[in-house]
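All the letters of the sequence shown, read from the start, carry residue numbers 4 to 289 under the numbering used here.
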Amino acid sequence: MAGQRGIYPVASPIVKWAGGKTQLLKHYTRLFPAEFNRYFEPFLGGGAVFFHMVAKNPNLRATLSDQNVELINCYNMVKNELPSVIRYLKKHKNDSDHFYKVRAMDVADLSPAERAARLIFLNKTCFNGLYRVNRKGQFNVPFGRYENPKICDEINLRAAERALCNAKINTANFEAVLSQAKRGDFVYLDPPYQPVSTTSSFTGYTRNSFGESDQERLRDVFKKLTDKGCYAMLSNSDTPFIRELYDSFNIETVYANRAINSKADKRGRIAEVAILNYSPEDFDCD
4 MAGQRGIYPV ASPIVKWAGG KTQLLKHYTR LFPAEFNRYF EPFLGGGAVF FHMVAKNPNL
64 RATLSDQNVE LINCYNMVKN ELPSVIRYLK KHKNDSDHFY KVRAMDVADL SPAERAARLI
124 FLNKTCFNGL YRVNRKGQFN VPFGRYENPK ICDEINLRAA ERALCNAKIN TANFEAVLSQ
184 AKRGDFVYLD PPYQPVSTTS SFTGYTRNSF GESDQERLRD VFKKLTDKGC YAMLSNSDTP
244 FIRELYDSFN IETVYANRAI NSKADKRGRI AEVAILNYSP EDFDCD
């Protein structure tokens, strides 16, 4: 549901996403740089940090990207073709048979607006709000059996449309930010997290996994952004591996209650890290 800001509601995430940052914003606010030029978010997901940023600064110049093609299509359709998305969303119903029929659809046969509505519908009605795909890239989460999910939240969708109006949205690898961000820009990195145990890994947002070599590539990007004079902040699991990768940077510990996981025993209060290449004390945050 959208919050309120002046005469317009403030957008909240239009999809529920594993690792979403809504609950951590109260901790993150003090860590964000108080002043920066443009905003970049290469692992967009649910976009909670972006929506927070644009609520603070409606003129924010943002570049948003993710490797999940369906997710990026959804954001672009909400930005550019919202009436069509809403029209298709209103055709969906909270019914098991309908859910599995929609889940089985070949997205290649759907228009971009239909695909966006499909993703939102499945996200609102699937088990535990979990977005997961198999090796073929097919969504494979079961029906959630919620009593009355809000499949079409028009108020929040319209707020999201306004929030996204000045944003550049594209499908891209996180390394693309290196050719885009410049000195004084702020880059927020929220990658698939390093597993805290051998059984806790969940990186099924795309058909590709995100392993230790990817974490090391991301660390290299973080260092290069630092060398360019960008402000960079990264979220990840609080593990020895991650702490060692970023041991030359400012590491803050935060705690999150994780509700989205396919296994109930993996939900609960979990330590995470926020890694900064700057000191928040360098800014006047009053």
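A virtual CB, placed ideally from N, CA and C, is assigned to each residue, including glycine.
Query: Assuming the contact rule is C-beta atoms closer than 8 Å, R121 and L113 should be a hit. Round their C-beta distance to whole Å, please.; Result: 7 Å
Query: Would the beta-carbon of P198 fall within 8 Å of that of L221?; Result: no
Query: Looking at G22 and G50, is the spacing between their C-beta atoms short of 8 Å?; Result: no
Query: Looking only at its own chain, which residues have a Cβ that is under 8 Å from the Cβ of A267, when we skip the five neighbours before and after it?; Result: The predicted position of A267 is uncertain, since its pLDDT is 48 and thus under 50; no value can be drawn from it.
Query: Could you check whether the region 154-165 touches the region 12-20, counting it as contact only if at least three pairs of C-beta atoms, one from each stretch, sit closer than 8 Å?; Result: yes
Query: Rounded to whole angstroms, what's the CA-CA distance from Q70 to D285? Just pull it up for me.; Result: 33 Å
Query: Using the three-state DSSP reduction, which class does K24 fall into: helix, strand or coil?; Result: coil
Query: For V57 and chain B, any beta-carbon pair shorter than 8 Å?; Result: In the structure shown, chain B does not exist; there is a single protein chain.
Query: Do F53 and A37 have their C-beta atoms closer together than 8 Å?; Result: no
Query: Assign R33 to buried or exposed, taking buried as 16 or more other Cβ atoms, counted over all protein chains shown, within 10 Å of its Cβ.; Result: exposed
Query: Assuming contact is defined by CB atoms lying nearer than 8 Å, are L192 and A259 in contact in what I supplied?; Result: no
Query: Would you mind sorting I158 into buried or exposed? The rule is 16 or more other CB atoms within 10 Å of its CB.; Result: exposed
Query: Helix, strand or coil: which one does DSSP assign to M108?; Result: coil
Query: Which of the three DSSP states is assigned to V88 in this structure?; Result: helix
Query: Who are M236's beta bridge partners in DSSP?; Result: Y191 and L279
Query: Just the C-alpha distance for T25 and S99, rounded to the nearest angstrom, thanks.; Result: 29 Å
Query: How would you call C288, buried or exposed, if buried means at least 16 neighbouring beta carbons within 10 angstroms?; Result: Bear in mind that the predicted position of C288 carries a pLDDT of just 46, short of 50, making it unreliable; the figure below should be weighed with that in mind. Classification of C288: exposed, given that the 10 Å Cβ count is below 16.
Query: Beta-carbon separation of I89 and V18 under 8 Å?; Result: no
Query: Once the 5 residues before and after N280 are set aside, which same chain residues still bring their CB inside 6 Å of it?; Result: T229, A235 and F252
Query: Does the separation of the CB atoms of T174 and V257 fall below 8 Å?; Result: no
Query: CB Y91 to CB A116, shorter than 8 Å?; Result: yes
Query: Taking C-beta to C-beta, are H101 and I154 nearer than 8 Å?; Result: no
Query: Excluding the five sequence neighbours on either side, which residues of its own chain have a C-beta within less than 7 Å of the C-beta of W20, listed in chain order?; Result: G48, G49 and Y134
Query: Quick check on the DSSP output: the alpha helix (DSSP H) that includes K94 runs from which residue to which?; Result: Careful: K94 lies outside any alpha helix (DSSP H) and carries neither H nor E.
Query: Decide if Y103 is buried, meaning its Cβ has at least 16 other Cβ atoms within 10 Å, or exposed.; Result: exposed
Query: Determine the closest residue to S68 out of F43, A58 and L85, with distance taken between C-alpha atoms.; Result: F43
Query: In three-state terms, what does DSSP make of F142?; Result: strand
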